[in-house]
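Student: My questions will all concern the structure given below.
2 protein chains.
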Amino acid sequence: MPKKVDHEARRQEISEALWRLASTRGLDGASLRDVAAEAGISLGRLQHYFRSKDEMLLFALQHINRLAGERIRARIEALPEEPTPREVLRACLSGLLPLDEKSRVGVLVGAAYFARAVYDEPLRAEAKNGIPQLRALFADQLRRAAERGELPPERATEDEAMLLISMVDGLSTYVLLDVHGPRTALRLLDLHLAQLFGTEGAGGGDAGAPASYGAGAGAGAAPASGEGAAPPSRPGEGSAKPAGRA
Amino acid sequence: MPKKVDHEARRQEISEALWRLASTRGLDGASLRDVAAEAGISLGRLQHYFRSKDEMLLFALQHINRLAGERIRARIEALPEEPTPREVLRACLSGLLPLDEKSRVGVLVGAAYFARAVYDEPLRAEAKNGIPQLRALFADQLRRAAERGELPPERATEDEAMLLISMVDGLSTYVLLDVHGPRTALRLLDLHLAQLFGTEGAGGGDAGAPASYGAGAGAGAAPASGEGAAPPSRPGEGSAKPAGRA
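And the structure:
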């Protein structure tokens, strides 16, 4: 179905033009006409793909969520064979942080949608769409870790999973506001993971080592992949200032 | 200076008209004319108080931050005499969650500003303005708790304080998106505090009891004050759906 594929590709291109506007001046200010101009097409042509701004916003949000899902899958696939549950968790969680320019734009645009989603029902439904699955995935990894003796069993819960999601969301917020840089956000995530797994106080080390929880050694926090993951535990981070808009 | 006081009061009234618009349809859509209509004054009169939309937005954000500060101070003052550091922390943190209608509007409007602050420098400066002080305050409470033997000393850090702020920010986000209700957000906050203080697995109990960390009993999580604080640990929360806009 090349026709349909092409239609989808054009809709994605238009979405990306919308994101460029959203990441530099928010969503509400961007009219269909602005988006058409940014995408280099006529307003009439844009309306061939999206009949209304609402339809375009919803599609663009779905497209963002799809890309975030792909980014996380890629991070998991980049892990060594048979990764530990903790490595899988860290790959997912760090994939949600704005650590490089691509993920930063995703989070920026997500923030623009968020402000709208709190009073727009269809956008809200899509904005929270992936959360229950993500929570279930994380809880499942926590349970696997508990079975392997790498996590206190009482921590292998949906509640802990939701705390992880909330934590990463908040850490991302403060990267966007420039309260801390991406490296600090990653370092704080690792601190929380070390506490969750009962391995705080441990030095750097290799997250792959199947250390028992509470052993106080071994399961520090090695960056899961190269993609924007900076070395943890670096206090001053001058140059880590986010790279700005796409 | 009654003249000046009056001027300030009118500016606050206008801010509050702006918030009502922001919490129902975001900030970008609200023109000076819309805000004047919502405040029941003429556009000319509004411009007597604010010469531009930017000036109005900045003042309104400062006013929100001031009110949030007052709400937190009130929660601390409502605590029993000589509250424990943990009680102070919980009062502050729960004061940041959208647990009742007033705080919900504050968080909703804060979210609208956030989307703008990521690309608007003066708003960003104000949006992150209170964070370093908040982090220092929380770190200070953690250090006091460690001195009293109520917290493992290695957790009495600015990093832990920032994790607390991030956590509450994320929990609030998911209340606004209706992923969980205010009660669940509070319960999750208490879960995190119990872990931080090393008292997880403890039952309800009284946060006032100076239990040593790790003792596994006593320092559960009693609601710090009546203001919207629902009893923790209630799984189903059907009716806890946020009350909607102001």
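Chains A and B supply the protein sequences, listed in that same order. FYI, in the UniProt record's numbering the residues of the first sequence are 1 to 246. FYI, in the UniProt record's numbering the residues of the second sequence are 1 to 246. Positions of the beta carbon are idealized from the N, C-alpha and C atoms, including for glycine.
List, in chain order, every chain D residue whose beta-carbon is nearer than 7 Å to that of D28 (chain B).
Tutor: Absent from the structure is chain D; the protein chains it does hold are A and B.
Student: G116 (chain A) versus chain B: which residues are under 7 Å apart at the beta carbon?
Tutor: Correcting the residue identity first, residue 116 (chain A) is Arg in this sequence and not Gly. G26, listed in chain order.
Student: Would a check of beta-carbon distances place G170 (chain B) closer than 8 Å to chain A?
Tutor: Interface residue, yes.
Student: Can you check which of these residues, B:D120, B:H63 and B:A136, is closest to C92 (chain B) by C-alpha distance?
Tutor: Comparing Cα-Cα distances from C92 (chain B) to each of B:D120, B:H63 and B:A136, the minimum goes to B:A136.
Student: When we look at the beta-carbon of D54 (chain B) and count the other beta-carbons within 10 Å, is it buried (16 or more) or exposed?
Tutor: Flag for D54 (chain B) reads exposed.
Student: Does DSSP classify P152 (chain B) as helix, strand or coil?
Tutor: P152 (chain B): coil per DSSP, three-state reduction.
Student: Can you find the residues in the same chain that come closer than 7 Å, C-beta to C-beta, to L18 (chain A), ignoring five residues on each side of it along the sequence?
Tutor: Hits under 7 Å: A30, V35, M56 and A60.
Student: Are the CB atoms of T173 (chain A) and D169 (chain B) within a distance shorter than 8 Å?
Tutor: Taking 8 Å as the Cβ cut-off, D169 (chain B) and T173 (chain A) qualify as a contacting pair.
Student: Assign D28 (chain A) to one of two classes, buried (16 or more other C-beta atoms within 10 Å of its C-beta) or exposed (fewer than that).
Tutor: D28 (chain A) should be labelled buried.
Student: Run the CB neighbour count on Q133 (chain A), radius 10 Å, all protein chains shown included, and call it buried at 16 or more, exposed below.
Tutor: Flag for Q133 (chain A) reads exposed.
Student: Can you name the start and end residues of the alpha helix (DSSP H) that I72 (chain A) belongs to?
Tutor: I72 (chain A) -> alpha helix (DSSP H) spans K53 to E77.
Student: So, with DSSP's three-state summary, where would you put S177 (chain A)?
Tutor: Note that residue 177 (chain A) is Leu in the sequence shown, not Ser. The answer is coil: DSSP assigns L177 (chain A) none of H, G, I, E or B.
Student: Whose Cβ in chain B lies nearer than 9 Å to the Cβ of M56 (chain A)?
Tutor: Per Cβ cutoff of 9 Å: no residues; M56 (chain A) is ~16 Å from chain B at best.
Student: Examine the ligand GTP and report whether any of its heavy atoms sits within less than 7 Å of the Cβ of S103 (chain B).
Tutor: The model on display carries no ligand, and the ligand GTP is accordingly not part of it.
Student: Candidates B:Y119, B:G110, B:E82 and B:L171: which alpha carbon is nearest I131 (chain A)'s?
Tutor: Nearest option by C-alpha distance: B:L171.
Student: Kindly say whether S166 (chain B), judged by its beta-carbon, lies nearer than 8 Å to any beta-carbon of chain A.
Tutor: So, interface residue.
Student: Closest Cβ-Cβ distance between T173 (chain B) and chain A: below 8 Å?
Tutor: True, the Cβ-Cβ gap to chain A drops below 8 Å.
Student: I need the boundaries of the alpha helix (DSSP H) containing D140 (chain B), first residue and last residue.
Tutor: Element bounds for D140 (chain B): I131 to E147.
Student: Measure the Cβ-Cβ separation of V118 (chain A) and L176 (chain A) and say whether it is below 8 Å.
Tutor: No. Outside cutoff.
Student: Evaluate L43 (chain A) with the Cβ neighbour count: other Cβ atoms within 10 Å of its Cβ, from every protein chain shown; 16 or more gives buried, anything less gives exposed.
Tutor: Answer is exposed; the Cβ neighbour count stays below 16.
Student: Chain A beta carbons: is any one of them nearer than 8 Å to that of H192 (chain B)?
Tutor: Yes, H192 (chain B) lies at the interface with chain A (some Cβ there is under 8 Å from its Cβ).
Student: What are the residues of the segment 109–136 of chain B that lie near chain A, defined by any Cβ-Cβ distance shorter than 7 Å?
Tutor: From the segment 109–136 of chain B, only A111, A112, F114, A115, R116, A117, V118, Y119, R124, A127, K128 and I131 have a Cβ closer than 7 Å to chain A.
Student: Got a sec? Which residues, its chain only, sit under 6 Å from H180 (chain B) by beta carbon, not counting five neighbours each side?
Tutor: Once the five neighbours on either side are set aside, the close Cβ partners of H180 (chain B) are Y174.
Student: Assuming S103 (chain B) is part of the alpha helix (DSSP H), what are its boundary residues?
Tutor: Unbroken alpha helix (DSSP H) run through S103 (chain B): E101 to A117.
Student: Could you check which residue in A:Y49, A:L196 and A:A112 has the C-alpha nearest to that of D120 (chain B)?
Tutor: It is A:A112 whose Cα lies nearest to the Cα of D120 (chain B).
Student: So that I know if they touch, is there some Cβ in chain A lying closer than 8 Å to that of D100 (chain B)?
Tutor: Judged by the 8 Å Cβ criterion, D100 (chain B) is not in contact with chain A.
Student: Do you know offhand how far Q12 (chain A)'s Cα is from D6 (chain A)'s?
Tutor: Their backbone Cα atoms lie some 10 Å apart in a straight line.
Student: Check P85 (chain A) in the structure and name its three-state DSSP category.
Tutor: Of the three classes helix, strand and coil, the one that applies to P85 (chain A) here is helix, per DSSP.
Student: Can you give me the start and stop residues for the alpha helix (DSSP H) that G29 (chain A) sits inside?
Tutor: Careful: G29 (chain A) lies outside any alpha helix (DSSP H) and carries neither H nor E.
Student: Under DSSP, the alpha helix (DSSP H) around L46 (chain B) begins and ends at which residues?
Tutor: L43 to Y49 is the span of the alpha helix (DSSP H), which, as asked, contains L46 (chain B).
Student: Here's a check: name, in chain order, each residue in its chain whose Cβ is nearer than 8 Å to the Cβ of F50 (chain B), leaving out the five neighbours to either side.
Tutor: The residues are R11, I14, L32, M56 and F59.
Student: Are E160 (chain B) and L196 (chain B) close, meaning C-beta to C-beta below 8 Å?
Tutor: Contact flag set, yes.
Student: If we cut at 8 Å on Cβ distances, does D140 (chain B) have a partner in chain A?
Tutor: Answer no: the Cβ-Cβ gap between D140 (chain B) and chain A never drops below 8 Å.
Student: Are the Cβ atoms of R143 (chain A) and A156 (chain A) separated by less than 8 Å?
Tutor: Yes, these two residues count as a Cβ contact at 8 Å.
Student: Under 8 Å Cβ to Cβ from I72 (chain B), same chain only, skipping five residues before and after it: list those, please.
Tutor: Closer than 8 Å at the Cβ level, and outside the excluded window around I72 (chain B), lie A91, C92, G95 and L96.
Student: Does Q62 (chain A) get closer than 8 Å to chain B when you measure Cβ to Cβ?
Tutor: Closer than 8 Å: no.
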